[in-house]
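Q: Taking my numbering, the leading residue of the sequence shown gets 2, the next gets one more, and so forth.
Before we start, here is the structure in question, set down as structure tokens.
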Amino acid sequence: MSKIDSLVEQGNSLLNEGKFEDALGFFEQALLLDQK
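Written out as structure tokens, the structure is:
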């Protein structure tokens, strides 16, 4: 599993727990890593 997949998975877990701000941080990191 790539670092990006890992970040997205962690973000989804936080999202399911209702921790939206924390989840957003993980999604932002994944987007930054995904830039080409």
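In this text, a Cβ means the ideal position worked out from N, Cα and C, and glycines have one as well.
I'd like to know whether the C-beta atoms of L15 and A24 end up nearer to each other than 8 Å.
A: Closer than 8 Å, so yes.
Q: Express the C-alpha separation of E29 and N17 in angstroms, rounding to a whole number.
A: Those two C-alpha atoms are separated by around 17 Å.
Q: Starting from S7, trace the alpha helix (DSSP H) in both directions and tell me its first and last residue.
A: Start and end: K4 to N17.
Q: Measure the C-alpha to C-alpha separation of Q11 and K37 and round it to an integer number of angstroms.
A: Approximately 22 Å between the Cα atoms of the pair.
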